[in-house]
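K.L.:
This note's numbering applies: residue 23 is where the sequence shown begins, and numbers increase by one.
Heads up, the beta-carbon is just placed ideally off N, CA and C, and yes, glycines get one too.
Quick one: this structure, given as structure tokens, is what I'll be asking you about.
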Amino acid sequence: MKTFPMFLKTEGRRIVVVGGGEQAAQKVRLALKTSAEILVVSDAPDAEIADLARQGRIVLHTDGLHETAFENAVLAFVATDDGAIRAAAHALAQRCGVLVNVVDAPDLCDAFTPSIVDRDPVVVAIGTEGTAPVLARGLKATLETMLEPRLGDLAALAGRLRGEAARLDPRRRRDLWRWVFNGAPRALHAAGREREAAALVKDAIANDRLPEDRDHPATGFVSLVGAGPGSRDLITLRGAQRLQEADVIFYDRLVDPDLLELARRDAERIYVGKTPGTAAWPQERINALMVRTARAGRRVVRLKCGDPGIFGRGAEEAASLDEAGINWEIVPGVTAASAAAAATSGFLTERGEADTLVIATGQLRAGDGDPNWASYLLPGTTLALYMAVGAAAKVRANLLAAGVEPDLDVRIVSRAASPAERVVITPLDALADTIEREGVENPAIILIRRPKRELPARVRVEIRPDLSRDLRLVAAV
Ligand code: SAH
23 MKTFPMFLKT
33 EGRRIVVVGG
43 GEQAAQKVRL
53 ALKTSAEILV
63 VSDAPDAEIA
73 DLARQGRIVL
83 HTDGLHETAF
93 ENAVLAFVAT
103 DDGAIRAAAH
113 ALAQRCGVLV
123 NVVDAPDLCD
133 AFTPSIVDRD
143 PVVVAIGTEG
153 TAPVLARGLK
163 ATLETMLEPR
173 LGDLAALAGR
183 LRGEAARLDP
193 RRRRDLWRWV
203 FNGAPRALHA
213 AGREREAAAL
223 VKDAIANDRL
233 PEDRDHPATG
243 FVSLVGAGPG
253 SRDLITLRGA
263 QRLQEADVIF
273 YDRLVDPDLL
283 ELARRDAERI
293 YVGKTPGTAA
303 WPQERINALM
313 VRTARAGRRV
323 VRLKCGDPGI
333 FGRGAEEAAS
343 LDEAGINWEI
353 VPGVTAASAA
363 AAATSGFLTE
373 RGEADTLVIA
383 TGQLRAGDGD
393 PNWASYLLPG
403 TTLALYMAVG
413 AAAKVRANLL
423 AAGVEPDLDV
433 RIVSRAASPA
443 ERVVITPLDA
453 LADTIEREGV
463 ENPAIILIRR
473 PKRELPARVR
483 VEIRPDLSRD
493 LRLVAAV
């Protein structure tokens, strides 16, 4: 970052605006949102600024800019087209040690004003270091729709009750605020039933009891969260929220470490990656640790790459949680096959062409033998093979032996949706050789599409109801 985001205290301080036109008025409006004293320096204030001065909401100096204007100032805006005034105001503000922002002159700025979503005291500031104001406006628009207009009032209420809630046990307190902002109080408040929401929260604090306690059992809770295929922006909003709420996160080898930045700073992060061929984290050990952590009343996220329901051994983890009586949920994710198809600008299904999608693996449990891949790959099917790079020679032999066309188009996508994403295209016949020659790395998905082919003419059967029964048979042959 070339700038550092901070919120400046304005209570008892001054904000100076040099200039009296529309640009200056814009900055005055912004400054009026704060508790600062506002001093405008202009010998030609426009009607709005003059009126604000008459109302006593700002102080107006019309007799030029002097050093005294910057006394006790936290921030100065210079908003005038006059180049000489700009330079002088900038130099004076800097000499007085005041942060200065010169409108439309990034080189003369100590600080930039962000796009703001204002739900005072909740304020979201969006900055792009001047690179993409249009993007910032778009983000602001999105956030404006996400945050209900009265959210600030709920936050202010929470602020007033903080002292009283401080006597609760810290974990209970976290549960309380989680419930306030994600549960019934927020919903009631947003629906305009503010008094009811406040009563509910006060009651919960006074009795140290959440009405929705059954959703926050003392035994903890485990979310099996899909992290997506490997880029931070492909996790779902729900997944990101669970990460923010987690006390402990168990994460996999293929999970993008960037994602962990979404978690609370004090959340514990435990790597339980199963590097192929090593036994550091056998499944039983992961299951046992997860049960123990949840039993201690902590909120656990089990972060798995892709979708937790696809080749993630989620069922085994869920079974041990069930056995221990711990509640759990699945938060779905974008699976690798989806990202792989996207990387090829292709579609996993296509009406009339590939009406069936089969998700399969290159390797089964030891002792289960090899899958019969050809049995999945009927005409009109896309076959997405996970964990199949090492089994490529077997896959090829199996398919060819079953009469699958050797010139079939096969796409191998490694590290889909990451900066190292790579697509290799090969005919089925050369699958294993290509993987070897190109040095295709794991993790990779092999996508095989077998188009619908018309049957050869001599076996095509046409039913001709317009012909007599005997002739119909002849037509069929
Ligand atoms: N639950 C995961 C799959 C886990 S099995 C999902 O839904 O995607 C691990 C296999 O997933 C890897 O061997 C590889 O075949 C595939 N895989 C995971 N991430 C991948 C990625 N970014 N690109 C390509 N394949 C990936």
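At a cut-off of 8 angstroms, is V435 close to the ligand SAH when judged by its beta-carbon and the heavy atoms of the ligand?
P.N.:
Flag set: Cβ of V435 near the ligand SAH.
K.L.:
When we look at the beta-carbon of V145 and count the other beta-carbons within 10 Å, is it buried (16 or more) or exposed?
P.N.:
Counting Cβ neighbours within 10 Å, V145 comes out exposed, since fewer than 16 surround it.
K.L.:
Would the beta-carbon of I467 be found less than 8 angstroms away from any heavy atom of the ligand SAH?
P.N.:
Yes, since a heavy atom of the ligand SAH falls inside the 8 angstroms radius drawn around the Cβ of I467.
K.L.:
Look at the alpha carbon of D455 and the alpha carbon of G391, and state the distance between them as a whole number of angstroms.
P.N.:
Each residue's alpha carbon lies about 23 angstroms from the other.
K.L.:
Is the closest heavy atom of the ligand SAH to the C-beta of K416 under 8 angstroms?
P.N.:
Not so, every heavy atom of the ligand SAH lies at least 8 angstroms from the Cβ.
K.L.:
Could you please give the first and the last residue of the uninterrupted alpha helix (DSSP H) stretch that includes P207?
P.N.:
Run containing P207: A206 to A212, per the alpha helix (DSSP H) assignment.
K.L.:
Excluding five sequence neighbours on each side, which residues of the same chain lie with their C-beta closer than 6 angstroms to the C-beta of T521?
P.N.:
With the chain running from 23 to 499 in the structure shown, residue 521 is simply not present.
K.L.:
For E375 and D274, what's the separation of their Cα atoms in angstroms?
P.N.:
The straight-line gap from Cα to Cα measures roughly 36 angstroms.
K.L.:
May I have the straight-line CA-CA distance separating A406 from G205, to the nearest angstrom?
P.N.:
Using only the alpha carbons, I get a separation of about 40 angstroms.
K.L.:
Could you check if I434 is buried or exposed, using at least 16 other CB atoms within 10 Å of its CB as the buried criterion?
P.N.:
Buried, by the Cβ-count rule.
K.L.:
Helix, strand or coil for P171, going by three-state DSSP, please let me know.
P.N.:
If DSSP states are grouped into helix, strand and coil, P171 belongs with coil.
K.L.:
Is the separation between the beta-carbon of I470 and that of L400 shorter than 9 angstroms?
P.N.:
No, the pair does not count as a contact, with Cβ atoms beyond the cut-off.
K.L.:
For G185 and P192, what's the separation of their Cα atoms in angstroms?
P.N.:
Rounded to whole angstroms, G185 to P192 spans 13 angstroms at the Cα level.
K.L.:
According to DSSP, is V120 part of a helix, a strand, or is it coil?
P.N.:
Coil at V120, not helix or strand.
K.L.:
To test your reading of the DSSP string, which unbroken beta strand (DSSP E) runs of 3 or more residues are found completely within the stretch 131 to 165?
P.N.:
Runs of the beta strand (DSSP E) inside the stretch 131 to 165: 137 to 141 and 144 to 148.
K.L.:
Please list the terminal residues of the continuous alpha helix (DSSP H) segment that includes K49.
P.N.:
Here the alpha helix (DSSP H) through K49 covers E44 to L54.
K.L.:
Taking Cβ positions, are V353 and G295 nearer each other than 9 angstroms?
P.N.:
No, the Cβ-Cβ distance between V353 and G295 is not below 9 angstroms.
K.L.:
What are the residues that DSSP puts in a beta bridge with G328?
P.N.:
Answer is G250.
K.L.:
Within the present structure, is the beta-carbon of Y273 separated from the nearest heavy atom of the ligand GDP by less than 8 angstroms?
P.N.:
Summarising the ligand content, the structure contains the ligand SAH and does not contain the ligand GDP.
K.L.:
Is there a C-beta anywhere in chain D that falls below 9 angstroms from the one on Q266?
P.N.:
Of the chains in the structure shown, none is chain D; there is only one protein chain.
K.L.:
Which ranges would you report for the beta strand (DSSP E) in the stretch 333 to 394 if only whole runs of at least 3 residues count?
P.N.:
If we require 3 residues or more, the beta strand (DSSP E) runs fully inside the stretch 333 to 394 come out as 349 to 353 and 378 to 383.
K.L.:
Around the Cβ of S397, are there at least 16 other Cβ atoms within 10 angstroms (buried) or fewer (exposed)?
P.N.:
It counts as exposed.
K.L.:
Between V120, P27, T25 and A106, which lies nearest to T90 when the distance is taken from Cα to Cα?
P.N.:
Nearest option by C-alpha distance: V120.
K.L.:
Buried or exposed for A339, going by 16 or more other Cβ atoms inside 10 Å?
P.N.:
Before going further, note that residue 339 is Glu rather than Ala in the sequence given. It counts as buried.
K.L.:
Could you spell out where the alpha helix (DSSP H) holding I6 opens and where it closes?
P.N.:
Past the boundaries of the shown model lies residue 6; the chain is included only from 23 to 499, so the question cannot be answered.
K.L.:
What does the alpha-carbon distance come out to for the pair G160 and I138?
P.N.:
The alpha-carbon atoms of G160 and I138 are separated by roughly 12 angstroms.
K.L.:
Starting from the Cα of D132, find the closest Cα among T153, F26 and E70 and give me that residue.
P.N.:
The shortest C-alpha separation from D132 is found at F26.
K.L.:
Could you check whether the Cβ of N329 sits closer than 8 angstroms to any heavy atom belonging to the ligand SAH?
P.N.:
Rather than Asn, the amino acid found at residue 329 in this sequence is Asp. Flag set: Cβ of D329 near the ligand SAH.
K.L.:
Pairing CB atoms from the stretch 122 to 131 with CB atoms from the stretch 66 to 82, are three or more of them under 8 angstroms?
P.N.:
These segments do not touch.
K.L.:
How is T102 classed by DSSP in three states: helix, strand or coil?
P.N.:
Of the three classes helix, strand and coil, the one that applies to T102 here is coil, per DSSP.
K.L.:
Which word fits T448, buried or exposed, when buried means at least 16 other C-beta atoms lie within 10 angstroms of its C-beta?
P.N.:
Buried: at least 16 other Cβ atoms inside 10 Å.
K.L.:
Using the Cα positions of I332 and E463, report the straight-line distance between them to the nearest angstrom.
P.N.:
Straight-line Cα distance between these residues: approximately 20 angstroms.
K.L.:
Does the ligand SAH have even one heavy atom less than 8 angstroms from the beta-carbon of S245?
P.N.:
Flag unset: Cβ of S245 not near the ligand SAH.
K.L.:
With a threshold of 8 angstroms, are at least 3 pairs of Cβ atoms found where one atom belongs to the stretch 353 to 367 and the other to the stretch 284 to 292?
P.N.:
No contact exists between the stretch 353 to 367 and the stretch 284 to 292.
K.L.:
What's the gap between the Cα of L386 and the Cα of A413?
P.N.:
Each residue's Cα considered, the two are about 11 angstroms apart.
K.L.:
Per the contact definition of three or more C-beta pairs closer than 8 angstroms, is the stretch 37 to 53 in contact with the stretch 94 to 101?
P.N.:
The stretch 94 to 101, when compared against the stretch 37 to 53, does touch it at the 8 angstroms Cβ threshold.
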